[in-house]
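Down below is the structure, laid out as structure tokens.
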Amino acid sequence: MNLAPSTGYLVNDHGEKSASGARSWKMRIILVWTLFPGGWAVTGPKEVTVKQGGLLEVSCSYKPGYELYPKYWCRPGFLWFCFTYITQTNGSEVTVTQGRVSISDNHASRSFKVTLSGVTMEDTDWYSCGVKRRLWFNLWHSMEVMVSPAVPTMTKAGDMLATEPLGSMGSEKLSQLTITHLLLFLSVKVPMVLALACGVVWGLVFLSLASATSWVNRRDWGSSRKGTPGDQLAWVLALLAMSGAVLWVSLRGG
Numbered sequence: 001m002n003l004a005p006s007t008g009y010l011v012n013d014h015g016e017k018s019a020s021g022a023r024s025w026k027m028r029i030i031l032v033w034t035l036f037p038g039g040w041a042v043t044g045p046k047e048v049t050v051k052q053g054g055l056l057e058v059s060c061s062y063k064p065g066y067e068l069y070p071k072y073w074c075r076p077g078f079l080w081f082c083f084t085y086i087t088q089t090n091g092s093e094v095t096v097t098q099g100r101v102s103i104s105d106n107h108a109s110r111s112f113k114v115t116l117s118g119v120t121m122e123d124t125d126w127y128s129c130g131v132k133r134r135l136w137f138n139l140w141h142s143m144e145v146m147v148s149p150a151v152p153t154m155t156k157a158g159d160m161l162a163t164e165p166l167g168s169m170g171s172e173k174l175s176q177l178t179i180t181h182l183l184l185f186l187s188v189k190v191p192m193v194l195a196l197a198c199g200v201v202w203g204l205v206f207l208s209l210a211s212a213t214s215w216v217n218r219r220d221w222g223s224s225r226k227g228t229p230g231d232q233l234a235w236v237l238a239l240l241a242m243s244g245a246v247l248w249v250s251l252r253g254g
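When we follow the UniProt record's numbering, the leftmost residue of the sequence shown carries the number 1, and every step to the right adds one.
Now the structure itself:
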């Protein structure tokens, strides 16, 4: 408040009030920046999308000076604070695995990686990757993880066209193999059957000729010369010999 020289009334000094308000806001910003420095000390993606059943991989970076601090992965709670940690390191570069989640730190690149295997729809949520400090607020970066449903495998027209020639080739190979076996079977069995048939035919012909000759002899010579059992055995042996010869020739030729 200042006294106006002409009227004697008290008036507000708007310039000083504006300057005081600006300084107050700056102090508040500095206080918030000091208490909650997670927005600048740790960086990472703002949102990550992964398919159901897939593998989630998130990489977060931190400023120099925090290499030996423990790094963690959590689901933030009230005011984005993490009261429990899903997994965390002990400040070293040793990979820590807890259930489906693993975390590993790289001091040289000042970054740590979090992986989540076997992602489910229940994993959709907000998460924070951060640096854990003992006597002060943690440093963190929050992100949204979204899980998309797994798409069922469907056969495309291109896949059907691509697989159809393979099926045709398989059928052709099967047909060729069947024909080959059939020809091999016929090449072995048919000559044997033909040989047996030829032997039977030649035997019948020979037997017919022998019977006719015997009948003529009996008619011409009468009862003076009758067929004996020895003659009949000779005819049978001759017939078998001729059949065997025909069979051997047929097999040798096949």
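Think of the CB as a built atom: it goes at the ideal place given N, C-alpha and C, for glycine as much as any other residue.
Task: Phe112 in three-state terms, based on DSSP - done: strand
Task: DSSP bridge partner residues for Val145 (one or two, in chain order) - done: In DSSP, Val145 forms a bridge with Val48 and Asp125.
Open item on the list: Need the endpoints of the beta strand (DSSP E) that Leu56 sits in, please.
Closed with: Counting along the chain, Leu56 sits inside the beta strand (DSSP E) bounded by residues Leu56 to Tyr62.
- [ ] Determine the DSSP secondary structure at Thr163, reduced to helix, strand or coil.
- [x] Reliability of the predicted coordinates at Thr163 is poor, the pLDDT of 44 falling under 50, and the value obtained from them is presented with this limitation in mind. Thr163 falls in the helix class under three-state DSSP.
Open item on the list: For Gly53, count the other beta carbons within 10 Å of its own beta carbon; 16 or more makes it buried, fewer makes it exposed. Which is it?
Closed with: exposed
Open item on the list: So for Ser80, helix, strand or coil by DSSP?
Closed with: Correcting the residue identity first, residue 80 is Trp in this sequence and not Ser. Trp80 falls in the helix class under three-state DSSP.
Open item on the list: Here's the rule: buried if 16 or more other CB atoms are within 10 angstroms of the residue's CB, otherwise exposed. What is Val147?
Closed with: buried
Open item on the list: With a threshold of 8 Å, are at least 3 pairs of Cβ atoms found where one atom belongs to the region 44-51 and the other to the region 134-148?
Closed with: Yes: the two stretches touch, three or more of their Cβ pairs being nearer than 8 Å.
Open item on the list: For Ile103, list the residues DSSP reports as bridge partners.
Closed with: Val96 and Val114
Task: Sequence-distant residues of its chain with Cβ nearer than 8 Å to Thr124 (five each side left out) - done: Val145, Met146 and Val147
- [ ] Please check the pair Ser61 and Arg110, which I expect to be a contact at CB under 8 Å, by giving their CB distance rounded to whole angstroms.
- [x] With 8 Å as the limit, Ser61 and Arg110 qualify as a contact, their Cβ atoms being about 6 Å apart.
Task: Exposure label - Thr180; buried when at least 16 CB within 10 Å - done: Around the Cβ of Thr180, a 10 Å sphere holds fewer than 16 other Cβ atoms; the residue is exposed.
Open item on the list: I need the boundaries of the beta strand (DSSP E) containing Tyr72, first residue and last residue.
Closed with: Lys71 to Cys74
Open item on the list: Three Cβ pairs or more, each shorter than 8 Å: is that satisfied between the region 97-110 and the region 67-85?
Closed with: yes
Task: CB contact flag (Ser117, Arg134, <8 Å) - done: no
Open item on the list: Thr87 and Ser104 - do their beta-carbons sit closer together than 8 Å?
Closed with: no
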